[in-house]
Amino acid sequence: SVHIKLVLLVVNLILLPLALIDLIRRTGGGAADAAPVIAVTFVFAAGYLETLYRSIARPLARLGEKMSLVAKGDYTAKTLVLDDDEIGELKAGYNEMVDGLAERERLKDTFGRYVSVEVAKRLVESGTVSLGGESIEATILFSDIRDFTAISERMPPQELVAFLNEYFSYVTEPIAAHGGMINKFIGDAVMAVFAPQFGSRNHVDDAVRAALGMRAKLAELNARGGPEIRFGVGIHTGMLVAGNIGTQKRLEYTVIGDTVNVASRIEGQNKDLGSVILISGAVHDRLSPELGAALRVERCDNVKVKGREQALVLYKVL
C-alpha cells in the first residue's frame, strides 16, 4: 500500500542510515567511515524515489489524462488496474464512475428517443419524476398528412411504417434545428412544442421558421419520387400546462390546455382553406419585426372552430 511505501521510505532513508552512523560513531569510527553509508543512502534514495514516482505520481498523472477525455465525452477512456493498493482502488473506482456515466448517457439517449432529448435531459438531471405540471408560455405546432387514409389503404403494414418513418425523418429535422421539442407522433401527425424551457429563444419565430423548413423538406422528399405527400401545419401560441400526466407506474410528459386544442383545430382548417401553413392571429402579432417583414402572409376570413365561442383570426403563410 502507499502507506507502507511511505513508512519504508522513512525507515530506509532516515532511521536506518542514522542508526548506522550512530553505530559507527559508538564503535570509534570517524567521518570517513560514515561517508560510504551516506553515499549509499543517497544512491538508494534516488532509486527509491524514482520507484515511488512510478508507482504513485505517474499513475495519477495518467489517470488525470483519462479524466480529461471523459470530461470531453469519451466514455471509453478507462484505465488498467494492475495493483491492489490505494492507487489501484482509485483506478477501479474511476472505471466504475465511467461505466456509470456511460450508462446514464445511454439511458438519456434511449429515453430521448421516446420523449425528447430535452425532456430526458431535464428528468435525468433533476433525478425526480413526479406527477404534476407547470404553466408555461409556448407555441404549439401541429402537422398532418393530407389524404393519409387513402395512402395507407394502398400499402401493407410494414411498407406503411417504413413510409411514415422516412416522412418523419424529413419533416422533424427542422423542428429540432429550431429548438422545438417533438412531444408526440399521433399516427401520421406531429405535435411539437417551442418554449424557452426546451431551448427555444424566440418560440413564436422558431415555430414559424420550423414550419417553413418542414415545407422545404417535404418538397425535397417528394422530389425523390414515390407517392406525392401533402401536409398541413397549424401554429398557435399562448399559455399551457406542461408536465407528467398518468400514474406513478406509467406516465407521459406532455402539454395540455386550450392553446394545444386551438393549434390542432387550426391545422385542420388547412383542408377547407386550401392552405399549407396556417398561423393564428396571436402568432402573427408576436412575430419579430425581421421575420414579420420577410414573411408573406394572407389574412383569411375569421373562422369558427369547434370548442371556441369566438372566431379565430388566421393567416396563410404563402
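Numbering (our numbering), first residue to last: 180 to 497. The beta-carbon is built from N, C-alpha and C at its ideal position, and this holds for glycine as well.
CB of residue i within 7 Å of CB of residue j, strictly
i      : j      : result
Phe321 : Ser247 : no
Ile445 : Leu457 : yes
Ala389 : Ile435 : no
Arg409 : Arg325 : yes
Gly417 : Thr433 : no
Ile319 : Ala374 : no
Lys484 : Leu491 : Residue identity differs from the one stated: residue 484 is Val in this sequence, not Lys. Yes.
Gly411 : Asp480 : no
Leu391 : Tyr349 : no
Lys270 : Val260 : yes
Lys251 : Asn274 : no
For residue j and residue i, believed in contact at Cβ under 8 Å, the rounded distance
i      : j      : result
Gln448 : Val496 : At roughly 13 Å, the Cβ-Cβ gap does not stay under 8 Å, so Gln448 and Val496 are not in contact.
Ile414 : Val387 : 6 Å
Ala317 : Leu419 : 6 Å
Phe510 : Phe347 : This structure cannot settle anything about residue 510, because the visible part of the chain is limited to 180 through 497.
Tyr227 : Asn191 : 7 Å
Val462 : Val383 : 6 Å
Val249 : Leu280 : 7 Å
Residue nearest to residue i in terms of C-alpha spacing, selected from the options
i      : options                        : result
Arg403 : Glu345, Gly411, His357         : Glu345
Ile183 : Glu265, Gly392, Leu199, Ile365 : Glu265
Asp385 : Leu197, Arg487, Lys245, Gly359 : Gly359
Glu519 : Val484, Gly460, Lys450, Arg205 : Since the first and last residues shown for the chain are 180 and 497, residue 519 lies out of range.
Asp278 : Asp262, Thr255, Glu352         : Thr255
Arg394 : Lys485, Thr351, Lys450         : Thr351
Pro406 : Leu470, Asn423, Leu343, Tyr232 : Leu343
Gly312 : Leu185, Ile424, Thr438, Lys428 : Ile424
His357 : Asn274, Asn381, Tyr273         : Asn381
Gly366 : Lys396, Ala398, Phe327, Val383 : Phe327
Gly422 : Asn362, Glu469, Met334, Ser454 : Asn362
Val455 : Glu282, Ala398, Leu187, Ala198 : Ala398
Phe221 : Gln337, Leu188, Pro335         : Leu188
Asp263 : Leu197, Ser180, Val340, Ala198 : Ser180
Gly267 : Pro238, Met334, Pro468, Arg283 : Pro238
Ala218 : Gln489, Glu282, Leu197         : Leu197
Leu199 : Val186, Ala214, Leu185         : Ala214
Ile235 : Leu185, Ala473, Gly486, Gly453 : Leu185
Residues that DSSP places opposite residue i in a beta bridge
i      : result
Ala421 : Glu313, Val434
Phe373 : Thr318
Leu491 : Val482
Thr416 : Thr318
Lys363 : Met370
Phe410 : Ile324
Ile458 : Ile414, Tyr494
Val476 : Val496
CB contact below 7 Å: residue i versus chain D
i      : result
Ile183 : Structure shown: chain D not included; a single protein chain is present.
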